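If you count by my numbering, then the sequence shown holds residues 543 to 629, one letter each, in order. Encoded as structure tokens, the structure appears first; notes follow it.
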Amino acid sequence: LDETALLTVDSSARGNVARLINHSCNPNLVVQAVLAGRARSTVLYYLAMYAARQIDTHEELTIDYGTFGRGTRHNVTCMYGAENCRR
Numbered sequence: 543l544d545e546t547a548l549l550t551v552d553s554s555a556r557g558n559v560a561r562l563i564n565h566s567c568n569p570n571l572v573v574q575a576v577l578a579g580r581a582r583s584t585v586l587y588y589l590a591m592y593a594a595r596q597i598d599t600h601e602e603l604t605i606d607y608g609t610f611g612r613g614t615r616h617n618v619t620c621m622y623g624a625e626n627c628r629r
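Have a look at this one:
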């Protein structure tokens, strides 16, 4: 993991239903960290997901997993064939 990263999310071992949202290079959701409070010297955040565009009924919700570590891609397969695909 990148030691300079402010926030890291790893739901490979546990998490809520949001861990099932798949990656797309052209996602329909954006993720925003929202300050939830403090516990001693630790800052607590929620991750909120907002629509990046109009989402059709029954359309799969997707996010861009982004880059991991020191600017390298995580082992993520993009299955959507977006014009801006970074495969």
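Where a beta carbon is used, it is the ideal one built from N, C-alpha and C, also for glycine. None of the values given here were measured: they were computed from a predicted structure.
With three or more beta-carbon pairs closer than 8 Å as the criterion, would you say the region 580–587 touches the region 556–569?
no
I believe Ile605 touches Val573 by the beta-carbon criterion, under 8 Å. Please report the beta-carbon distance rounded to the nearest angstrom.
6 Å
Residue interval of the beta strand (DSSP E) (run including Ser580)
A small correction: the amino acid at residue 580 is Arg; Ser does not occupy that position in the sequence shown. Its beta strand (DSSP E) spans residues 571–581.
Is Ala594 closer than 8 Å to Pro569 when the C-beta atoms are compared?
yes
Under a Cβ-count criterion, where at least 16 other Cβ atoms within 10 Å of its own Cβ denotes burial, should Ser554 be classed as buried or exposed?
exposed
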